[in-house]
Amino acid sequence: MAEKEIKTIAVLTSGGDAPGMNAAIRAVVRAGLSSGVKVKGIRRGYAGLLEEDIIDMSTMSVSDIVQKGGTILYTSRCKEMTTPEGQKKAADICRKHGIDGVVVIGGDGSFRGAQKLSNNGINTIGVPGTIDLDISCTEYTIGFDTACNTAMEAIDKVRDTSASHERCSIIEVMGRTAGHLALWCGISNGSEYVLVPERGQFNDEERIIEKIRAKRRIGKKHHIIVNAEGTGDSYGMAERIEAATGIETRATIIGHIQRGGNPTCRDRVYASAMGALAVDLLLEGKTNRVVAYCDGEYCDYDIDEALAMTKDIDEHLYSLTHRLSR
Ligand code: ADP
Ligand code: F6P
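Laid out in structure tokens, this is it:
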């Protein structure tokens, strides 16, 4: 059977937003238009698709956005898309609007939606956009670098007040169930301990307490502990550490500021390259693929395979945090 000709493609953002998503949208739109296809924007992710919130995109509609955080197409989480009825309806709506292929910018959950759209006859390509870096098939996800820098700068600020008051600070960073963001902050902020869900150890707190005592003995006056959201309980931990050491301890949960802000150069460049590659894959007639970055090259994987992969934190970096904080 001859492959269907791709005349119109669409782009949507789904799940948690990430800095650099706008650069990816711009790349999809401009690469599509320069290859001679029409490009539509689906607003509010799968929820917007199911409500036919679909707009025509032009070169000018993505002007002045490469540097902006968030997503001009808005994003959402949509329950209906997880049902077979919702998925069929979404594919039917694409057909009704003449959409031959969709670029889905988001995380693993969003790729599951793309997989279902593909099963229902709409070509789909995923682009990894999440601050969590928790997509197994790729070494890079759009937004991770900006979020690391935002969290790092926030932790630097906590350090100033922690040092002034001679306190211990437990600082919780995002990452859902993954510890990549915490690990990178642990190193870049010179923390004394980093807790990540992938290496959750029953005696982590005892080790932290021991370390704080040892550091006080050699003259250290303040302490920075980076805790991953996936480990949690930062407030409880602060209370227990204060009780055990007698050192004033505060917990700070950095929260959603980690998802905002102008994307770094790195995020803009990766987003641009990944968005354009997604368009090329659609134009080659490919479907059910996800764009990735591995071993210094952009590549693509079958979504089913990508979703079955697993990923650990970087063991070298993890041991480094402990080695450098002695
Ligand atoms: P992320 O894409 O960042 O991992 P979510 O896990 O919240 O974020 O997923 C985003 C959206 O993707 C969900 O709200 C839902 O609409 C869609 N989705 C998630 N899982 C599935 C699934 N198994 N089948 C179809 N769609 C899904
Ligand atoms: O996936 C990105 C992320 O920011 C996670 O790090 C965090 O666990 C989650 O989204 C927060 O989601 P919400 O914006 O719904 O609170």
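The sequence shown begins at 761 in this note's numbering and counts up one residue at a time. For glycine and all other residues, C-beta sits at the position ideal for the given N, C-alpha and C.
{"Check": "Given V956 as reference, the closest of G939, M820, R803, I891 once Cα atoms are compared", "Outcome": "G939"}
{"Check": "Proximity test, I865 beta-carbon vs the ligand F6P heavy atom, cut-off 7 Å", "Outcome": "no"}
{"Check": "Check: Y806 C-beta below 7 Å from any heavy atom of the ligand ADP", "Outcome": "yes"}
{"Check": "Buried versus exposed, by CB contacts within 10 Å (16 or more), M761", "Outcome": "Its pLDDT being 45, under 50, M761 is placed unreliably by the model, and nothing is read from it."}
{"Check": "Integer Cβ distance of R1019 from D777, believed to fall under 8 Å", "Outcome": "6 Å"}
{"Check": "Whole-number beta carbon distance between I769 and V862, since they are thought to touch under 8 Å", "Outcome": "7 Å"}
{"Check": "Beta bridge counterpart(s) of V1051 as assigned by DSSP", "Outcome": "D1060"}
{"Check": "Per DSSP, the bridge partner or partners of Y953", "Outcome": "I985"}
{"Check": "Continuous alpha helix (DSSP H) stretch holding L772: start and end", "Outcome": "Counting along the chain, L772 falls outside any alpha helix (DSSP H), though it belongs to the beta strand (DSSP E) covering 768-773."}
{"Check": "G801 and L833 closer than 8 Å at C-beta", "Outcome": "yes"}
{"Check": "Distance, I885 Cα to K1046 Cα", "Outcome": "8 Å"}
{"Check": "Of the listed residues T890, T901, T898, K876, nearest to C854 (C-alpha basis)", "Outcome": "K876"}
{"Check": "Coarse secondary structure for I825, derived from DSSP in three states", "Outcome": "coil"}
{"Check": "Residue range of the unbroken beta strand (DSSP E) whose run includes K798", "Outcome": "798-802"}
{"Check": "Residue of S774, K767, G869, I1013 minimising C-alpha distance to C882", "Outcome": "Here residue 882 turns out to be Ile, not Cys, going by the sequence shown. Checking every option, the nearest Cα to that of I882 belongs to K767."}
{"Check": "C-beta contact flag for V822 and I859 at 8 Å", "Outcome": "no"}
{"Check": "Three-state secondary structure (DSSP) of I1014", "Outcome": "coil"}
{"Check": "heavy atom of the ligand ADP below 7 Å from T906 C-beta", "Outcome": "no"}
{"Check": "Beta-carbon gap between D892 and R837 smaller than 8 Å", "Outcome": "no"}
{"Check": "Any non-hydrogen atom of the ligand ADP closer than 7 Å to K971 Cβ", "Outcome": "no"}
{"Check": "Straight-line gap, K798 to P888 (C-alpha atoms, nearest Å)", "Outcome": "23 Å"}
{"Check": "Host alpha helix (DSSP H) of D1040 (start-end)", "Outcome": "1025-1043"}
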